[in-house]
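K.L.:
Protein chains: 2
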Amino acid sequence: MKRPTLKDVAKAASVSTAAVSYVLNGKHEKVSGETLERINNVIKSLNYVPDYSARSLVKNQSRLIGIVIPQTEKHAQLILENPWYSEIISGIEGKLRKYGYHLLLSGVNQGESYLDLLIQRNLDGAIIMGIYPEEFYEGLKKIKIPIVLIDSYINDSYFYRIGIDDEYGGYLATKYLIDRGHTNIGMITGAIRREGVVEKRFLGYKRAIRESNLFYNPDYVFEDSMSYDHGVAAGHRIASAFPEITAVFATADMIAFGLIKSFTDEGIRTPDDISVIGFDDVFMSRMFLPPLTTVRQDIKKKGVIAAERLLSLIGEAGDDDNGQSEDLRETILPLEIVERGTVIRRGNGQSLTETEHGRG
Amino acid sequence: MKRPTLKDVAKAASVSTAAVSYVLNGKHEKVSGETLERINNVIKSLNYVPDYSARSLVKNQSRLIGIVIPQTEKHAQLILENPWYSEIISGIEGKLRKYGYHLLLSGVNQGESYLDLLIQRNLDGAIIMGIYPEEFYEGLKKIKIPIVLIDSYINDSYFYRIGIDDEYGGYLATKYLIDRGHTNIGMITGAIRREGVVEKRFLGYKRAIRESNLFYNPDYVFEDSMSYDHGVAAGHRIASAFPEITAVFATADMIAFGLIKSFTDEGIRTPDDISVIGFDDVFMSRMFLPPLTTVRQDIKKKGVIAAERLLSLIGEAGDDDNGQSEDLRETILPLEIVERGTVIRRGNGQSLTETEHGRG
DNA sequence: TTGTACGCGTTATCAC
DNA sequence: GTGATAACGCGTACAA
C-alpha cells in the first residue's frame, strides 16, 4: 500500500477533495461539524500526511528556511567543527521547529551558485552567516525572499541584520587588558577582511591602544585564520620572537585555545606569564582549563533572534519577547566581558617601568 | 518580474516544454544540437532554476535527506552544542552536497510525530542518530525510504547501521587503565539504556574488570547524563567520597572535561592524582589542557560513511572507496586509544599493596 | 459543499 | 531522429 493522498481521503470519506483540504487548513467554517469529524477520522485511520511539495507548489511557500554557512578554503567539509556555528544553529533550529518550519542546512562551495539552493527549494527565507563577495549579496536581492544576515556589515537596507558591535568588542577586550597593566598586547586573528567582523574587532583593538597612548605595533598583529591551529602557530611565534608581549587578544575563542596550548608547551603559563582574552564565549570556554576569560556574545540567542526576525518577516510573528518595532533592520546584541581564569593584572602592583619588558 | 518557469523558457526559445525538460535532464539524445544550445542560452539569460517542489511531485524524489537528532529532556534546543553531533553532521553534509542532495536538519520533540517530517517532505532517505523507543522504529519501517541508523543496536535487518563496537571500546578504555596499574576504576556515564551505546560501553567496562579479577563495585558507576555538568558533579562526588578511586573512564569526552574541571577545583591533579580516559575523541579533546587520552572513533568518517551508504541505497553509488558489498547492513568502524596527557601509570613501579588506597 | 482549473515539471505517446 | 501534446502528481481555492 502506497502513501495515501488527499484524494484517497476524500474518497474514503465520501467527500470532495476541497472539503478535505479545508479541514486540513483549519477552515472549519467551510465544513459542517459532522463531515469535519468524519474526515478527521479517515485522515487518522489512513495515516494521511499532506505532501509539502504539492502544497509548496500552489501556495508558493515551503515552510523551509535555508541556512547558509561559508566554507573555508581549507575544508571541504562544513565549518561545523567550529562550535560557534553549532551553537547558533541550535538556537535557530529550536525556534523554527516551534513554528513548524524546517531547516535546510547547506554549505556553499565558494564560487558556486549558492543561490540556486534558495530558489530551487522555494525557501520561505534564509539566514546567512559569514561574509561573502559583493556579487553574492546582489544575487541575493534578486531572489525576493526575506533574508537575515548574521554578522554582516553589508550596508544595504534590503537585508535584515543581526550582529554585535564588533568594534566595541575589540575595544572592550583590549581595554580590559590595558586596564590590568598590560602595554604590549598582541592580537591574534583570522583574516582581516574589509567590512568583516574581524576588521571591526581589529579597529577596536587599535582604538583602545591609541586611546591609552600606547604604541601600536603592527608586528603584534598575527593574522591568519580563525582556527585553533593558527592560535598554536602564533603562540609559538610569540614565545620565540616577542617576549615583551604580556597579553594577547584572540579574536575567537578557538584561537585562544590554540594560543594557550602552545604557550603551555613552551613553558609559558597562562595567566601567570601571559594573559589571554578571547572572543565569543563558546560553550567550551568555560570548560577549558584554565577557564577562558573572553568577550561574551550570546551565540544561541543570536540564532534565536535571527529565527524570530525571519519568522516575523514571513508573517509568523515570531517575536516572543520584545515586539517593539524599533529599527528592525538591524539588531545589535550586547557584549560583555566574562572574567575567568586567563587574564591577570600585570606587575602585581610593582611597576615594571625599568625593564618594561619580559615575561621571563 | 517573477521567477521564470520552464514554460517561460519554452516560450522564449520557441520550443515545447518537453524539449526544455529534456535538456534539463541531460537527455541530449532527444534534442538536436542546435535547439540544445538555444535552450541553454535562454535558460541562462532568464536565470531559470527548476522548482524542486514540482520535480519532487512527479518524480517522487526530493533530493533531500533528513537527519534526525534526538532532544534530551532538558534542552529545548538541538543537542548541537555537543560537538559530537556537529562533527558528524559536518561529514554528512559534505558528502551529500557533493552529490547534489540537501540536508534537512531536525530535532525531534520526544513523543511527537517525528515521522511526519520524513513523509511530508518526500525525503529520499534519512539518517537517524541516537536511540528511540521501539515504536519509533516500527513507524520508520512503514515509511519505505532508505534509513541509516547511527549508533543504534536495533536488531532489525530492515535498517542499515553504522556504528562502532561500543562494548569493545568500553573494554579497551578500562583495560588500558588496568594495564597501567589502576584497580579502583570509576565509570562516569550518561543514562544506561537497554541496547544503547552506553550500556555496551558499560558492559565492556565490567568485562575488563572481571577479566582482570578486580572487584566490580557498582558504587563506582556514576550514571546520569552525557554532559559536561554531570562530569563536574561526579568529579566532586568522587573527590569527597571515593578517595580510593585512582582512575575513571568517562563514556564521553564531554564528561571527561567536566571531571577534570572539578578535580582541578578540588585540588586533585590530572593525571598525577587521578587518571581520566574519555570516549569519542571530539576535536576539542586534543585542544584540552591537559590533552585528553581517549578512545577515538572517527566521527566525521562515521558521517561520511553514513551518507555514502544512504546515497548508494538511493542509487547514487556514493561509495567512493570500498564498494565491496560485504554485509552492508552493518558497518562497524574501528576504535583506537589515543594516548595523550590524562592517564598515568599508577604507583610508578612501587607497589601500593599496603595502603591500597589513597590519591592523597 | 463540490467541481475543477491551476501551480510546475516530467514523460509517455504520437506526429512530422 | 526531433520535438510537440497532454496527462499526471498533489493539494488549494475560486466559481458554482
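Just so you know, the sequences run in chain order U and L.
So the first sequence is numbered by our numbering: it starts at 1 and just counts up by one.
So the second sequence is numbered by our numbering: it starts at 361 and just counts up by one.
We put the CB at the ideal spot given by N, CA and C, even for glycine.
1. Return the chain-ordered ranges of every alpha helix (DSSP H) run that is complete within the stretch 76-108 of chain U and spans a minimum of 4 residues.
2. When you compare the CB positions of Ala-252/U and Leu-96/U, do they come within less than 8 Å of one another, or not?
3. At what residues does the alpha helix (DSSP H) containing Glu-397/L begin and finish?
4. Val-369/L by DSSP, collapsed to three states: which one?
5. Could you tell me whether the stretch 45-61 of chain U touches the stretch 408-416 of chain L, where touching means 3 or more Cβ pairs closer than 8 Å?
6. Curious, which full-length beta strand (DSSP E) runs of at least 3 residues does the stretch 174-206 of chain U contain?
7. Residues of the stretch 394-417 of chain L in Cβ contact with chain U at a cutoff of 8 Å, in chain order, please.
8. Give the residues from the stretch 441-467 of chain L that approach chain U closer than 7 Å (Cβ to any Cβ), ordered along the chain.
9. If you reduce the DSSP assignment to three classes, tell me which class Arg-700/L lands in.
10. Using three-state DSSP, classify Gly-530/L as helix, strand or coil.
11. Could you pull out every residue in the same chain whose Cβ sits closer than 8 Å to the Cβ of His-590/L, ignoring the five residues on either side in sequence?
12. Would you mind sorting Asn-442/L into buried or exposed? The rule is 16 or more other CB atoms within 10 Å of its CB.
13. Within its chain, find whatever has a CB closer than 7 Å to the CB of Phe-623/L; leave out the 5 residues flanking it on each side and keep chain order.
14. Along the chain, where does the beta strand (DSSP E) that runs through Thr-691/L open and close?
15. Rounded to the nearest angstrom, what separates Ile-427/L and Ile-488/L at their Cα positions?
16. Is the CB of Phe-609/L under 8 Å away from at least one CB in chain U?
17. Within its chain, find whatever has a CB closer than 7 Å to the CB of Arg-193/U; leave out the 5 residues flanking it on each side and keep chain order.
18. Between Lys-566/L and the rest of its own chain, which residues show a CB-CB distance below 7 Å, the 5 nearest in sequence each way excluded?
19. For Ile-69/U, which three-state DSSP category applies?
20. Three-state secondary structure (DSSP) at Glu-134/U?
21. Are Leu-693/L and Tyr-528/L closer than 8 Å when you measure CB to CB?
22. Using a C-beta cutoff of 8 Å, does Val-703/L count as contacting chain U?
23. Pull up the distance between the alpha-carbon of Pro-506/L and that of Leu-118/U, whole angstroms please.
24. Using beta-carbon positions only, say whether Thr-363/U and Lys-7/U come within less than 8 Å of one another.
25. If you run the structure through DSSP and keep just helix, strand and coil, what is Gln-297/U?
26. Taking the beta carbon of Glu-93/U as the centre, do at least 16 other beta carbons fall within 10 Å, making it buried, or is it exposed?
27. Beta strand (DSSP E) containing Tyr-330/L: first to last residue?
28. Here's the rule I'm using: 16 or more other beta-carbon atoms within 10 Å means buried, otherwise exposed. How should Gly-125/U be labelled?
29. Would Lys-261/U pass as an interface residue toward chain L - the criterion being a Cβ-Cβ separation below 8 Å?
30. In its own chain, which residues sit with a C-beta less than 6 Å from the C-beta of Arg-669/L, not counting the 5 before and 5 after it?
31. What is the DSSP secondary structure of Glu-244/U, reduced to helix, strand or coil?
32. Determine the direct distance from the alpha carbon of Lys-300/U to that of Ile-185/U, and round the result to whole angstroms.
33. Tell me the rounded alpha-carbon separation between Tyr-459/L and Glu-676/L.
34. So with CB distances below 8 Å, who are the chain L contacts of Asp-116/U?
35. Give the residues of chain U in contact with Arg-481/L, contact being defined as C-beta atoms less than 9 Å apart.
36. Less than 8 Å between the beta carbons of Leu-24/U and Leu-465/L, yes or no?
P.N.:
By the coordinates alone:
1. 83-98
2. no
3. 393-406
4. helix
5. yes
6. 185-190
7. Asn-407, Val-409, Pro-410, Asp-411, Tyr-412, Ser-413, Ala-414, Ser-416 and Leu-417
8. Glu-441, Pro-443, Ser-446, Glu-447, Ile-449, Ser-450, Gly-451, Glu-453, Gly-454, Arg-457, His-462, Leu-463, Leu-464, Leu-465, Ser-466 and Gly-467
9. coil
10. helix
11. Ile-548, Gly-550, Phe-582, Asp-584, Ile-615 and Gly-618
12. buried
13. Gly-595, Ala-599, Thr-630 and Ile-634
14. 690-693
15. 6 Å
16. no
17. Ile-131 and Glu-199
18. Tyr-576
19. strand
20. helix
21. no
22. no
23. 26 Å
24. A question about residue 363/U goes unanswered here, because the residues of chain U that appear run from 1 up to 360.
25. strand
26. buried
27. Because chain L here runs from 361 to 720, residue 330/L falls outside it and cannot be looked at.
28. buried
29. yes
30. Val-508 and Tyr-520
31. coil
32. 30 Å
33. 8 Å
34. Val-409
35. Asp-51, Tyr-52, Ser-53, Leu-64 and His-102
36. no
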